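*Asks:*
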Amino acid sequence: MSQLLIKGGHVLDPAAGVDGILDVLVAGERVVAVGENLDGGDRVLEARGKLVLPGFIDMHVHLREPGFEYKEDVASGGRAAVRGGFTAICCMPNTQPVMDNRTVVEFVRGQAARAGWARVYPVGAISKGLKGEELAEIADMRSAGIVGLSDDGKPVASTELMRLALQYAAPFDLPVISHAEDPTLSQDGVMHRGRVSSLLGLKGVPAEAESVMVARDLLLAGLTGGSLHIAHVSTAQSVELIAFYRSRGVRVTCEVTPHHLLLSDQAVRDTWYDTCTKVNPPLRSPDHVDALRRALREGLIDAIVTDHAPHHQDEKLVEYDYAQFGMVGLETAVSLVAGELVGKGVLDWPQVVALMSTHPARILGVEGGRLEAGGLADFTVIDPGQKVTVDPKDFVSKSRNTPFAGWQLTGAPWGTVVGGQVMMWEGTLTAR
Ligand SMILES: [Zn+2]
Numbered sequence: 001m002s003q004l005l006i007k008g009g010h011v012l013d014p015a016a017g018v019d020g021i022l023d024v025l026v027a028g029e030r031v032v033a034v035g036e037n038l039d040g041g042d043r044v045l046e047a048r049g050k051l052v053l054p055g056f057i058d059m060h061v062h063l064r065e066p067g068f069e070y071k072e073d074v075a076s077g078g079r080a081a082v083r084g085g086f087t088a089i090c091c092m093p094n095t096q097p098v099m100d101n102r103t104v105v106e107f108v109r110g111q112a113a114r115a116g117w118a119r120v121y122p123v124g125a126i127s128k129g130l131k132g133e134e135l136a137e138i139a140d141m142r143s144a145g146i147v148g149l150s151d152d153g154k155p156v157a158s159t160e161l162m163r164l165a166l167q168y169a170a171p172f173d174l175p176v177i178s179h180a181e182d183p184t185l186s187q188d189g190v191m192h193r194g195r196v197s198s199l200l201g202l203k204g205v206p207a208e209a210e211s212v213m214v215a216r217d218l219l220l221a222g223l224t225g226g227s228l229h230i231a232h233v234s235t236a237q238s239v240e241l242i243a244f245y246r247s248r249g250v251r252v253t254c255e256v257t258p259h260h261l262l263l264s265d266q267a268v269r270d271t272w273y274d275t276c277t278k279v280n281p282p283l284r285s286p287d288h289v290d291a292l293r294r295a296l297r298e299g300l301i302d303a304i305v306t307d308h309a310p311h312h313q314d315e316k317l318v319e320y321d322y323a324q325f326g327m328v329g330l331e332t333a334v335s336l337v338a339g340e341l342v343g344k345g346v347l348d349w350p351q352v353v354a355l356m357s358t359h360p361a362r363i364l365g366v367e368g369g370r371l372e373a374g375g376l377a378d379f380t381v382i383d384p385g386q387k388v389t390v391d392p393k394d395f396v397s398k399s400r401n402t403p404f405a406g407w408q409l410t411g412a413p414w415g416t417v418v419g420g421q422v423m424m425w426e427g428t429l430t431a432r
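Under our numbering, the first residue of the sequence shown is numbered 1, with each subsequent residue one higher.
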């Protein structure tokens, strides 16, 4: 069994009680020891000045395969994940065909195994064909390896179907991931409804389109005892509702994206209608952004995810009204979190480890999220001092749709180790 020794990094995992300048010894796909002055290793990697963290898990990614491989595929998305410092990702089921049955789940897992970059955990559809009418084959998909259920991209408009999903998923310990949006309130809105949308003459989506559905799903989680995970929270009311029902014992967790923490609806105006700012849920007004940052700091939000949503540039180089929703995130998230959240005192590194590794592993019920002897050798290594300028031309993703081009940030992914295999080191991907 080949051995790997990572020497002299700042090893940090609050959940495992580790925080110090230490070595990590790996044999095969597992950690053998974490300690001072360890010996051994067929391969020794120097990590002085770097943070060595349990592998980051992005719970919310669109890999676009099968069906939309011109935007991204399992291999290119897995590679972009590793490049961005993620050792594992969850992929959403809004593919073509929809991932609502065993065959598609097995296909995606097979593609991921063949590609061999990040671990890929499929999320199965709640409803057949994402139509919101009847439940997909949940038990069958569970035995094929899904880690959660979601109709993400679309809300589950039927309250009864959402109730059934939460009830049915509960014994399987599958979180139901809610894309919370009331379609009768959001209609054909393209940005947050408020002062800026009026000024720009664009159709707005009110904050309540999200919060109403968050409230509904919390009530249903309470009713059924199911485990609910709210995707990409974007409003002040959503986090208040979640905190309230959580305090009353409802099984609920939630996630937030870097873009909802760092950009407001003013970005649509400031970029002159750059369609890379068009995302669902929309970038909200600054009061919502402030509320999200406060909730994050106070521990009311469980995870940071990218909602990586690749699109071809032809789908973005159109009028704002006609552009597709979504932006890529796998290759910018770590630097945005390092530079804009840790660097500006919103979060510290132990909180980041919890939000991007420990909690996602726990919510999904997957191994990982711990850096300790006996655990999986999945690591995210970060150079906290590296200065980077975001340049979409450098992305290994097939798509370039980011509103963060040109941002200057401090802190960058430097190494990614998945199951003891070094996928990236010194910022350079391992050829494969
Ligand atoms: Zn969504």
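Beta carbons: idealized from backbone N, C-alpha and C, even for Gly.
Note that the structure is predicted; figures quoted are calculated from it, not measured.
Going by beta-carbon coordinates alone, are K278 and N401 separated by less than 7 Å?
*Replies:* Taking 7 Å as the Cβ cut-off, K278 and N401 do not qualify as a contacting pair.
*Asks:* Roughly how many angstroms lie between the CA atoms of D19 and M191, to the nearest whole one?
*Replies:* Taking the straight line joining both Cα atoms gives about 42 Å.
*Asks:* May I have the straight-line CA-CA distance separating G385 from V342, to the nearest angstrom?
*Replies:* Those two C-alpha atoms are separated by around 12 Å.
*Asks:* Closest Cβ-Cβ distance between T410 and chain D: below 7 Å?
*Replies:* Here chain D cannot be found, since the structure has a single protein chain.
*Asks:* Compute the minimum distance between the beta carbon of A291 and the heavy atoms of ligand 1, and state whether it is under 6 Å.
*Replies:* Every heavy atom of ligand 1 is 6 Å or more from the Cβ of A291, so no.
*Asks:* In chain order, what residues of the same chain lie with their CB nearer than 7 Å to the CB of G419, ignoring the 5 residues before and after it?
*Replies:* Counting only Cβ-Cβ distances below 7 Å, and skipping sequence neighbours, we find E29, L376, A377 and D378.
*Asks:* Would you say the segment 297-310 touches the segment 351-365, given that touching needs at least three Cβ pairs under 8 Å?
*Replies:* Judged by Cβ distances under 8 Å, the segment 297-310 makes contact with the segment 351-365, as three or more pairs qualify.
*Asks:* Figure out for me which residue from I146, V256, G35 and A412 has the closest Cα to the Cα of G339.
*Replies:* Per the Cα distances, A412.
*Asks:* May I ask which residues mark the beginning and end of the alpha helix (DSSP H) holding L336?
*Replies:* Note, L336: alpha helix (DSSP H), A333 to L336.
*Asks:* Should H179 be listed as close to ligand 1, given that the test is whether its C-beta is under 6 Å from any heavy atom?
*Replies:* Result yes, Cβ under 6 Å from ligand 1.
*Asks:* Give me, in chain order, the residues of the same chain whose beta-carbon lies closer than 7 Å to that of H179; leave out the 5 immediate sequence neighbours on both sides.
*Replies:* Hits under 7 Å: S150, D151, D152, G153, K154, P155 and A231.
*Asks:* How many angstroms separate the CA atom of T235 from the CA atom of V26?
*Replies:* Computed Cα separation, rounded: 42 Å.
*Asks:* On the three-pair Cβ rule with 8 Å, is the segment 105-125 touching the segment 134-149?
*Replies:* Touching, yes, given that three or more Cβ pairs across the two stretches are closer than 8 Å.
*Asks:* Whole angstroms are fine: how far does the CA of D383 sit from the CA of A136?
*Replies:* Taking the straight line from one Cα to the other gives about 43 Å.
*Asks:* Compute the minimum distance between the beta carbon of A209 and the heavy atoms of ligand 1, and state whether it is under 6 Å.
*Replies:* A209: no, Cβ never under 6 Å from ligand 1.
*Asks:* Our contact map puts H229 next to T257 with C-beta atoms below 8 Å; I'd like the distance itself, whole angstroms only.
*Replies:* Not confirmed; about 14 Å, so no contact.
*Asks:* Mark T506 as exposed unless 16 or more other C-beta atoms lie within 10 angstroms of its C-beta, in which case mark it buried.
*Replies:* Residue 506 lies beyond the stretch modelled for the chain, which goes from 1 to 432, so this question has no answer here.
*Asks:* Give me the Cα-Cα distance between V176 and S227, rounded to the nearest whole angstrom.
*Replies:* Cα to Cα, the separation comes out at about 6 Å.
*Asks:* Which of the three DSSP states is assigned to G411 in this structure?
*Replies:* In this structure, G411 counts as strand in the three-state DSSP scheme.
*Asks:* Can you list, in chain order, the residues of its chain with a C-beta nearer than 8 Å to that of D73? Leave out the 5 residues immediately preceding and following it.
*Replies:* Hits under 8 Å: L63, R64, E65, Q111 and K398.
*Asks:* Could you tell me the distance, in whole angstroms, from the CA atom of L45 to the CA atom of G329?
*Replies:* Roughly 28 Å between the two C-alpha positions.
*Asks:* With a threshold of 6 Å on Cβ separation, who are the neighbours of E134 within its own chain once the five nearest residues in sequence on each side are excluded?
*Replies:* Closer than 6 Å at the Cβ level, and outside the excluded window around E134, lie K128.
*Asks:* In angstroms with no decimal places, state the Cα-to-Cα distance between P437 and V337.
*Replies:* No statement about residue 437 is possible, as the shown extent of the chain runs from 1 to 432 and does not include it.
*Asks:* In the DSSP assignment, what residue or residues form a beta bridge with A27?
*Replies:* Q3 and R30, per the DSSP bridge assignment.
*Asks:* For L220, I'd like the list of residues in its chain whose CB is within less than 8 Å of its CB, leaving aside the five on either flank, ordered along the chain.
*Replies:* Same-chain partners within the cutoff: T159, M162, R163, L166, G226 and L228.
*Asks:* Rank K393, G77, A333 and D394 by C-alpha distance to the C-alpha of L355 and give the top, closest one.
*Replies:* It is A333 whose Cα lies nearest to the Cα of L355.
*Asks:* Which first and last residues belong to the beta strand (DSSP E) in which L228 is found?
*Replies:* Start and end: L228 to I230.
*Asks:* Do the CB positions of K71 and W414 come within less than 7 Å of each other?
*Replies:* In this structure, W414 does not lie closer than 7 Å to K71 by Cβ.
*Asks:* Taking only heavy atoms of ligand 1 into account, decide whether any of them is closer than 6 Å to the Cβ of D152.
*Replies:* Within the cutoff, so yes.
*Asks:* Can you round the beta-carbon distance between Q408 and K387 to whole angstroms, since I take them to be within the 8 Å contact cut?
*Replies:* Yes, they are in contact, since the Cβ atoms of Q408 and K387 sit about 7 Å apart, within 8 Å.
*Asks:* Return the residue from the list D188, G299 and R284 that minimises the CA-CA distance to A243.
*Replies:* Here the closest residue by C-alpha is G299.
*Asks:* Just to confirm, is the Cβ distance from D265 to S285 under 7 Å?
*Replies:* Closer than 7 Å, so yes.
*Asks:* Are the Cβ atoms of L12 and L53 separated by less than 7 Å?
*Replies:* Yes, they are a contact pair.
*Asks:* Might you give, ordered along the chain, the residues of its own chain that have their beta carbon closer than 6 Å to the beta carbon of A405, omitting 5 neighbours on each side?
*Replies:* Excluding positions up to five away in sequence, the list reads V390 and P392.
*Asks:* Considering only their Cβ atoms, is the gap separating S197 from G204 smaller than 7 Å?
*Replies:* Yes, these two residues count as a Cβ contact at 7 Å.
*Asks:* Between P403, E255, G374 and R370, which lies nearest to T87 when the distance is taken from Cα to Cα?
*Replies:* Out of P403, E255, G374 and R370, R370 has the C-alpha closest to the C-alpha of T87.
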